[in-house]
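Peer 1: Take this structure, written in structure tokens, and hold onto it; I'll ask about it next.
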Amino acid sequence: MQYSSQAVAKPYFIVAIALFVGQILFGLIIGMQYVIGDFLFPAIPFNVARMVHTNLLIVWLLFGFMGASYYLVPEEAETELHSPKLAWILCIIFTVVGGVTILGYLLVPYATLAEITGNHFLPTMGREFLEQPTMTKIGIVIVALGFLYNIGMTILKGRKTVVNMVLLMGLVGLAVMFLFSFYNPSNLVLDKYYWWWVVHLWVEGVWELILGAILAFILIKVTGVDREIIEKWLYIIIAMTLITGVIGTGHHYYWIGAPEYWQIWGSVFSALEPIPFFMMTVYAFNMVNQRRREHPNKPAVLWALGTAVMAFLGAGVWGFLHTLAPVNYYTHGTQITAAHGHMAFYGAYVMIVLAIISYAMPLLRGRAAANSEKAQVWEMWSFWLMTISIIFITLFLTAAGILQVWLQRVSDTPMSFMQTQDQVMIFYWLRELAGGVFFIGLIVYLISFFIESGDSSATTATVDVK
Amino acid sequence: MLALEKPEQRLAVWAEVLYLLNLLLLPGIAFIILFGLFVKHRRHTSAFVRSHLKQTVMFSIWAGILLLLVSLSMVMLGGFAQVYTWVMLILYFTVVHASFVLIGVLGLSQALAGKIFSWKLSSL
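Top line first, the protein sequences correspond to chains F and A. Okay, so the first sequence: first residue is 100 according to my numbering, each after it adds one. Okay, so the second sequence: first residue is 4 according to my numbering, each after it adds one.
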């Protein structure tokens, strides 16, 4: 760790991992409720558990992005963080706000939660992924503003690098797009239209900039390849991301009541969306192939390469699978969407946050470059367990989705939604099984943090490649 | 970004690009060009060039067999109007096609780095 203020990233990473565990636990609960409908009912109804699962995902990834920013911005800007104290305060506020919100979901009926948090003054609740009470949303905005001020001031007084600037662009975009969650028109078409400005322009827009910047930072550190080469790749990747992703929003406008021309615009531009992910894979492998140093932190390299590959598969391939309007006419809102969502989120965002944690955490814990060999082996096991199980989760959900499309929408004698669910039950069981393996992988990941070893060989600094 | 100063490297990169084009954009056409490149340079003095030409042609042929012939067999054996034919076919095609693309990415990155094609991730 080059700057003492980078230490503030550590609490963010710890909270992120804790919330990640919560997210997976609730994922297992809803996975079980798919097959045993009254599992944990009425204590934890499906709609509540699903809300907790998705909201925890968003919040822990935000914690991860913030931790990553607090770690890499001082190092890139070659200066201490503007205010480590502010970063600490915001971490506490965000943790308390997030924790209270999740407890609210679990302990109080949603309608009561809306009432007691004053939703009627500025109604923003009741929409998928944006279920947070208005007060929580205001809290998120305050945290985001404080965070951007802190990061912005640090960059302003220090060195401006491409990595820093792309990251800042992504973070500003993230904050700006979130403001559309406060716009809640009574016209459902209009509501959906702008709702996607938060959801789509986050995950297929500005978040990709954050992903690109973090990946570039890690690759610079672990490969020793010239910054200029990595920055040129980054420029092209983010350009392609924005060129395809912004108009690609149109793939959400096919059937919501928006004009028909979106079926063409959405199809064409979202068919191009795999390009930046494809480039990212070529770039990550290319940089590792041209590396000038052997970094002792093998899991960090593995997570970085894994991010590129899994993001390409999850976001690129599985996105393309159902993005063209004539295909989406049949697949819209089926388990194929769920399959894409799981692999894309894991590949693009979960893995990049775990990559930066893997790179930074040993340094934040006072090690020279990496954890002990033994801890690294445990971490790499967790990588393979989680990655392989998410692949199987995706395959089982895809199978369920294809069957669902056929029985419910293609067949001459279409079944009802619930009849179809009975027919795809076997795949839900298999998905749950794969989810269980994922959870084991997560436990192995947690254990890797607590493995101490007398072996100091792995913790030494990098070795140049001859 | 792509400092392809050596003609050998240019040739290897072209082979990998044509392999990927065959899978992603110009099926058939890109393979014909790739095969022409292979016939012309198959006895190239550089082992690096030979490894990439051989890998790309070999995997293109395997991709053709696994993606076209096996898929066709699945439809013929399973029945066109059978739901499980489509469940298996779509899953099979997506996974196998994506795997061949990833092999191409691996090969391209090795060609760009001036390395002989290798399966081993440890060679990265």
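Glycine is no exception: its CB is placed at the ideal position from the N, C-alpha and C atoms. Computed from a prediction, not measured in an experiment: that's the story for all the values here.
1. Between which two residues does the alpha helix (DSSP H) carrying F/L278 extend?
2. Applying the criterion that 16 or more other CB atoms from any shown protein chain within 10 Å of the CB defines a buried residue, is A/K9 buried or exposed?
3. Would you verify that the beta carbon of F/A414 is, or is not, closer than 8 Å to some beta carbon of chain A?
4. Mark F/H351 as exposed unless 16 or more other C-beta atoms lie within 10 angstroms of its C-beta, in which case mark it buried.
5. Roughly how many angstroms separate the alpha carbons of A/L105 and A/V98, rounded to a whole number?
6. Can you say whether F/Y111 is buried or exposed, counting buried as having 16 or more other CB atoms within 10 angstroms of its CB?
7. Over what stretch of residues does the alpha helix (DSSP H) that includes F/E175 continue unbroken?
8. Check distances from the C-beta atoms of the segment 93-115 of chain A to those of chain F and list, in chain order, the residues that come in under 7 Å.
9. Which residue comes first and which comes last in the alpha helix (DSSP H) that contains F/R391?
10. Please confirm whether F/A414 and F/F377 have their CB atoms less than 8 Å apart.
11. Taking C-alpha atoms, which residue in A/F96, A/L94, A/F83 and A/L23 lies nearest to A/L56?
12. Drop a sphere of 10 angstroms on the beta-carbon of F/T497, count the other beta-carbons inside from all chains shown, and report buried for 16 or more, exposed for fewer.
13. Determine whether the Cβ of A/K9 lies closer than 8 Å to any Cβ atom of chain F.
14. Using a Cβ cut-off of 7 Å, pull out every chain F residue sitting near A/W89, in sequence order please.
15. Taking the CB atoms as reference points, tell me whether F/V509 and F/Y429 lie closer together than 8 Å.
16. Report yes or no: do three or more beta-carbon pairs, one from the segment 401-413 of chain F and one from the segment 311-324 of chain F, lie closer than 8 Å?
17. Exposed or buried, F/A438, counting other C-beta atoms within 10 Å across all chains shown (16 or more means buried)?
18. Going by other Cβ atoms of all chains shown within 10 Å of its Cβ, with 16 needed for buried, is F/K184 buried or exposed?
19. Looking at chain A, which residues of the segment 380-412 of chain F have a Cβ within less than 7 Å of any of its Cβ atoms?
20. Does A/E19 pass the burial test, meaning 16 or more other C-beta atoms within 10 Å, or should it be called exposed?
21. According to the neighbour-count rule (16 or more other Cβ atoms, all chains shown, within 10 Å of its Cβ), is F/I566 buried or exposed?
22. Drop a sphere of 10 angstroms on the beta-carbon of F/M409, count the other beta-carbons inside from all chains shown, and report buried for 16 or more, exposed for fewer.
23. Could you tell me which of F/F495, F/W483 and F/A467 sits nearest to F/T436, measuring between CA atoms?
24. In terms of residue numbering, what span does the alpha helix (DSSP H) encompassing A/F103 cover?
25. Under a three-way DSSP split, which group does A/K118 fall into?
26. Would you tell me roughly how many angstroms separate the C-alpha atoms of F/S481 and F/Y360, rounded to the nearest one?
27. Secondary structure at F/M100, three-state DSSP: helix, strand or coil?
28. Taking F/G203 as the reference, give the member of F/P222, F/I188 and F/T235 with the closest Cα.
29. Are the CB atoms of F/W159 and F/A115 nearer to each other than 8 Å?
30. Name the residue from F/R149, F/Y292, F/W306 and F/F411 whose alpha carbon lies nearest to the alpha carbon of F/P358.
31. Counting only runs that start and end within the segment 304-350 of chain F, where is the alpha helix (DSSP H) found for 4 or more residues in a row?
32. Classify A/V73: buried if its beta carbon has 16 or more other beta carbons within 10 angstroms, exposed otherwise.
33. Closer than 7 Å: is that where the CB of F/Y248 sits relative to any heavy atom of the ligand PLP?
34. Alpha carbon to alpha carbon, how far is A/M4 from F/R466?
35. With DSSP run on the structure shown, which of helix, strand or coil describes F/R530?
36. Under 8 Å between C-beta atoms, does A/V86 make it to chain F?
Peer 2: Put simply:
1. Here residue 278 of chain F corresponds to residue number 179 of the first sequence, with the count starting at 1. For F/L278, no alpha helix (DSSP H) segment is defined, and its DSSP state is neither H nor E.
2. Within the second sequence, residue 9 of chain A is the residue found at index 6, counting from 1. A/K9 comes out exposed.
3. Taking the first sequence and counting its residues from 1, the one referred to as residue 414 of chain F is at position 315. No - not a single Cβ of chain A is within 8 Å of the one on F/A414.
4. Walking along the first sequence from the start, residue 351 of chain F turns up at place 252. When all chains shown are included, F/H351 counts as buried.
5. Along the second sequence, one-based indexing puts residue 105 of chain A at 102. Along the second sequence, one-based indexing puts residue 98 of chain A at 95. One C-alpha to the other measures close to 11 Å.
6. Against the first sequence, residue 111 of chain F aligns to sequence position 12. Within 10 angstroms of the beta-carbon of F/Y111 lie 16 or more other beta-carbons, which makes it buried.
7. Here the question's residue 175 of chain F lines up with position 76 in the first sequence. Counting along the chain, the alpha helix (DSSP H) containing F/E175 begins and ends at F145 to A176.
8. Within the segment 93-115 of chain A, the residues whose Cβ lies closer than 7 Å to some Cβ of chain F are I93, L94, T97, A101, L105, V108, L109, L111, S112, Q113 and L115, listed in chain order.
9. Within the first sequence, residue 391 of chain F is the residue found at index 292, counting from 1. F/R391 -> no alpha helix (DSSP H), and no H or E assigned at all.
10. Walking along the first sequence from the start, residue 414 of chain F turns up at place 315. Walking along the first sequence from the start, residue 377 of chain F turns up at place 278. Against a cut-off of 8 Å, the Cβ pair of F/F377 and F/A414 comes out as no contact.
11. Position 53 of the second sequence holds residue 56 of chain A. The shortest Cα separation from A/L56 among A/F96, A/L94, A/F83 and A/L23 belongs to A/L23.
12. Numbered from its first residue, the first sequence carries residue 497 of chain F at position 398. Buried.
13. Along the second sequence, read from residue 1 onward, the residue named residue 9 of chain A stands at position 6. No, A/K9 lies away from the interface with chain F (no Cβ there is under 8 Å from its Cβ).
14. Working through the second sequence from its first residue, we reach residue 89 of chain A at position 86. Those are I501 and W505, listed as they occur along chain F.
15. Residue 509 of chain F sits at position 410 when you count from the first residue of the first sequence. Residue 429 of chain F sits at position 330 when you count from the first residue of the first sequence. Yes, Cβ-Cβ distance for F/V509 and F/Y429 is below 8 Å.
16. yes
17. On the first sequence, position 339 is the one that residue 438 of chain F refers to. F/A438 comes out buried.
18. Against the first sequence, residue 184 of chain F aligns to sequence position 85. That one is exposed.
19. T380, V381, F384, N385, V387, N388, Q389, V408 and L412
20. Translated into positions along the second sequence, residue 19 of chain A becomes position 16. Buried, because 16 or more other Cβ atoms sit within 10 Å of the Cβ of A/E19.
21. Any property of residue 566 of chain F remains undetermined from this structure, which presents chain F solely from 100 to 565.
22. Here residue 409 of chain F corresponds to residue number 310 of the first sequence, with the count starting at 1. Classification for F/M409: buried.
23. One-based indexing of the first sequence puts residue 436 of chain F at position 337. Taking only the C-alpha atoms, the option nearest F/T436 is F/F495.
24. In the second sequence, residue 103 of chain A corresponds to position 100, counting from 1. V86 to L115 is the extent of the alpha helix (DSSP H) around A/F103.
25. Counting from 1 along the second sequence, the entry for residue 118 of chain A is found at position 115. Note: A/K118 maps to coil in three-state DSSP.
26. Along the first sequence, read from residue 1 onward, the residue named residue 481 of chain F stands at position 382. Along the first sequence, read from residue 1 onward, the residue named residue 360 of chain F stands at position 261. Their backbone Cα atoms lie some 45 Å apart in a straight line.
27. As a position in the first sequence, residue 100 of chain F is number 1, starting the count at 1. DSSP places F/M100 in coil when its eight states are reduced to three.
28. Within the first sequence, numbered from 1, the residue matching residue 203 of chain F stands at position 104. Closest option to F/G203, Cα to Cα, is F/T235.
29. Within the first sequence, numbered from 1, the residue matching residue 159 of chain F stands at position 60. Within the first sequence, numbered from 1, the residue matching residue 115 of chain F stands at position 16. Contact flag set, yes.
30. On the first sequence, position 259 is the one that residue 358 of chain F refers to. Ranking the options by Cα distance to F/P358, first place goes to F/Y292.
31. 306-322 and 326-346
32. Numbered from 1 along the second sequence, position 70 holds the residue referred to as residue 73 of chain A. With fewer than 16 other Cβ atoms within 10 Å, it is exposed.
33. Looking for the ligand PLP in the displayed structure turns up nothing, as the structure carries no ligands at all.
34. Locating residue 4 of chain A in the second sequence gives position 1, where the first residue counts as 1. Locating residue 466 of chain F in the first sequence gives position 367, where the first residue counts as 1. Since pLDDT at A/M4 reaches only 44, below the 50 mark, its modelled position is unreliable, and the value read off the structure follows with that caveat. Between the C-alpha atoms of A/M4 and F/R466 there is a straight-line separation of about 34 Å.
35. Residue mapping note: residue 530 of chain F aligns to position 431 of the first sequence, counting from 1. Helix.
36. Along the second sequence, one-based indexing puts residue 86 of chain A at 83. So, interface residue.
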